[in-house]
Amino acid sequence: MVGSWRDQVSAQSRSAVINEMCSQLLRLQGGDKERLQQTVMKYEHAVWTKANDKESYMTTLRAKILSFKQRPIANDATPVSPIGVLPTTNNGDMSVPASPQVKLDTSLMEVDIIPFSEQLQQPTQPAQMPQDSSNTTSTALHEQYQQRRVELIKNQYNETHQCCQTQLAQQSQLSASHVQQNTPMAARQLQMTMLQLQHDMARNNLMQHHMSQQNNLIQHHYQQLLALANQEISI
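Okay, so the sequence shown: first residue is 51 according to the working numbering, each after it adds one.
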């Protein structure tokens, strides 16, 4: 069945790909880890939703990672700590330091996201088919499916974006409370790690929910076409 390939890709595998892309971009020129991770998540989600099969999904992401690995490190790159661990300053502040002089390489992701967004804004053009009753019904059903699919993808994209924004705000609030309360360094690291794990679980649950929604939509459309095909055979 179309779309079943997503069941073969675990949430852990998707997270591993996201972390690898973030690590490569940070290696190239550093910058704000959280902002860059958010951009990578949007890019991966765009590839995930528009890919037709597992091979095209993995090929696109592997090609992107390979292009990162082949690029030289920028001279002004700022070394950063791994994803999920906030850096510490001399006074014990775990908040992310501002780096206005470092330009994030988010354009590498946005180049691929922009065509995807434009695709959502364009109405789906049905293929030219002979206008008998069977083809007319099939075309109408497929147009309805495409419209519902576009709306679902838009909603899922907005949910993912909102999830990222909420998690970033929670991390900032926790970091600020550590500074205000002068929390010991060991306790800071423990609390930040626990929060990161909670965020990972929340993102995984959201991904699973999105996959279930997409599969339900595909199965519903498949059943509609199957019923139409059986009806034509019985005539």
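Just so it is clear, CB atoms sit at the ideal spot from N, CA and C, and this is done for glycine as well.
Leaving out the 5 sequence neighbours to the left and right, which residues in its chain are closer than 8 Å to residue i when beta-carbon positions are compared?
{"i": "Gln263", "result": "Leu202 and Gln206"}
{"i": "Asn265", "result": "Gly53, Ser54, Arg56 and Asp57"}
Would you give the residue range spanned by the alpha helix (DSSP H) that residue i belongs to?
{"i": "Trp98", "result": "Lys83 to Lys100"}
{"i": "Gln120", "result": "Lys104 to Gln120"}
Distance check for residue j and residue i, CA to CA, integer angstroms please.
{"i": "Gln241", "j": "Gln231", "result": "13 Å"}
{"i": "Arg238", "j": "Val229", "result": "9 Å"}
{"i": "Tyr272", "j": "Thr187", "result": "14 Å"}
{"i": "His259", "j": "Asn280", "result": "32 Å"}
{"i": "Gln215", "j": "Gln196", "result": "29 Å"}
{"i": "Thr139", "j": "Thr233", "result": "Interpretation of Thr139 is limited by its pLDDT of 38, a score under 50 that renders its predicted location unreliable; the figure taken from the coordinates is listed afterwards. Cα to Cα, the separation comes out at about 14 Å."}
{"i": "Cys213", "j": "Arg253", "result": "8 Å"}
{"i": "Leu276", "j": "Leu191", "result": "12 Å"}
{"i": "Gln88", "j": "Leu267", "result": "27 Å"}
{"i": "Ile68", "j": "Met235", "result": "28 Å"}
{"i": "Trp55", "j": "Ile115", "result": "21 Å"}
{"i": "Arg85", "j": "Glu282", "result": "53 Å"}
{"i": "Gln248", "j": "Gln217", "result": "9 Å"}
Can you name, in chain order, every residue of its own chain whose Cβ lies under 7 Å from the Cβ of residue i, other than the five neighbours on each side?
{"i": "Gln62", "result": "none"}
{"i": "Met257", "result": "Ala61 and Arg64"}
{"i": "Gln220", "result": "Leu245"}
Does the distance between the C-beta of residue i and the nearest non-hydrogen atom of the ligand ADP fall short of 7 Å?
{"i": "Asn102", "result": "No copy of the ligand ADP appears in this structure; indeed no ligand is present at all."}
Give every residue of the same chain whose Cβ lies closer than 6 Å to the Cβ of residue i, excluding the five residues on either side of it in the sequence, and list them in chain order.
{"i": "Phe118", "result": "Gln74"}
If we count Cβ pairs, one from each stretch, closer than 8 Å, do we get three or more for the stretch 81–90 versus the stretch 99–109? no
For the stretch 106–118 and the stretch 90–97, state whether three or more C-beta atom pairs, one from each stretch, are separated by less than 8 Å. yes
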